[in-house]
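One structure below.
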Amino acid sequence: MMKQEQIREEAGGTVLSLASLPATVDTRWFEPDFWRARGALRAQAGGRGGVAVVDTPAGTGVLRHYRRGGLVARFNRDRYLWTGASRTRSFAEFRLLAHAVALGLPAPQPLAACYRRHGLFYTADLITRQIAGAQTLAQCLATGRLDADLARETGALVARFHREGIRHADLNAHNVLVTAEALYLIDFDRGELRAPGEGWRLANLSRLHRSLRKLGGAERIPDFEAAIWQPLLYGYERTMGA
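All letters in the sequence shown, in the order written, are residues -3 to 238 by our numbering.
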C-alpha cells in the first residue's frame, strides 16, 4: 500500500503531514506569523477554536489551534494531558479525516498536524484544506435558506458517515457546511470510529436537533418538527437503508 503520511520530528515539535506534501513541512507551518511574513495569511480569528486561513503550497488551508472550552479554559487554555503521539487531538483528527476522505466522504482533507510536548502536557494544531464558498447550516437557518430539501440532504450527509461507523463528537449546525455543489461535515476533534450501534447514532442526531432548536429553528420556521426535522430524519433513514 502506498504510504499516505509522513512524520517529521523536531526539537520544537512533531509534524504529521500528507506524503504528497514537501518533506520540509515543519512546525513553522502552524504559526500564523510564518504565513503573514510571506503574505500568505488571508484571515485570522480568535475564540475557542482560533483559526487562520493560509495559502500553503498545497492550496488554501484552515489552520486551527486546539483550545479548551468550558470552565477548564479559565485556567488551562490549550494544554492536554500527554498519553502518546497517536492519541494527541491533532494526530487523531488528521487520521480520522484521512480515513473519511479515502472512503469518499465529504470531509475536509487534512494537510498537516502538529503537537508540541510540554512535560506531561502538549499543545496541538491542524491544517485542513479549505472548503471554498461554504456557509454553515446555522447561517442557512438564520438567512431563511434551511428548507425541507436542505434538511433531507443534511440527514443523508450524516447517514453517510454513520454507515461507515464514524461518530462526530459535536454534531451541530455550525459543523455542517453547505456549498452550491455539496454538503460537508467539519471539525472531527474527538470523533472516532465506532462499531454499528443505534445508541450513538441517535445521540448524534439528538445533538443536531438540540442545536437547530437552540439556534431558533422552532421560532423561525413554523411547525419546525414537521417542516424540517422530519424531512431530515427521512433523508437519514433512506440513506442508512440504501
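C-beta: ideal position from N, C-alpha, C; glycine also.
Let me check you understand the geometry: is the CB of Leu17 closer than 8 Å to at least one non-hydrogen atom of the ligand NAD?
The model on display carries no ligand, and the ligand NAD is accordingly not part of it.
Gly45 to Gly237, Cα distance in whole Å?
Summary for Gly45: the model assigns pLDDT 49, below 50, so the residue's position carries little reliability; its value from the coordinates is reported in the next sentence. Inter-residue distance for Gly45 and Gly237 is about 35 Å (C-alpha atoms, whole angstroms).
Can you give me the C-alpha to C-alpha distance between Glu221 and Glu194, rounded to a whole angstrom?
Distance between the alpha carbons of Glu221 and Glu194: 21 Å.
Give me the DSSP bridge partner(s) of Glu5.
Its beta-bridge partners are Thr10.
Extent of the continuous beta strand (DSSP E) run through Asp51
That run of the beta strand (DSSP E) goes Val47 to Thr52.
With which residues is Gly161 paired in a DSSP beta bridge?
The secondary-structure analysis by DSSP pairs Gly161 with nothing; it has no beta-bridge partner.
From which residue to which residue does the alpha helix (DSSP H) around Leu137 run?
Here the alpha helix (DSSP H) through Leu137 covers Leu133 to Ala138.
Could you give the residue range of the beta strand (DSSP E) that holds Ala199?
Element bounds for Ala199: not the beta strand (DSSP E) but the alpha helix (DSSP H), Glu194 to Lys210.
In the DSSP assignment, find the unbroken alpha helix (DSSP H) run with Leu213 in it and report its ends.
It should be noted that the sequence gives Gly, not Leu, for residue 213. Boundaries of the alpha helix (DSSP H) harbouring Gly213: Gly213 to Arg216, taken from the DSSP string.
Taking the alpha-carbon positions, what's the Phe26 to Pro218 distance?
Spanning the alpha carbons of Phe26 and Pro218 requires a straight line of approximately 45 Å.
Going along the chain, which residues of its own chain have a beta-carbon closer than 7 Å to the beta-carbon of Gly129, five neighbours each way excluded?
The residues are Thr175 and Ala176.
With burial defined as no fewer than 16 other Cβ atoms inside 10 Å of the residue's Cβ, what is the status of Phe117: buried or exposed?
Label assigned to Phe117: exposed.
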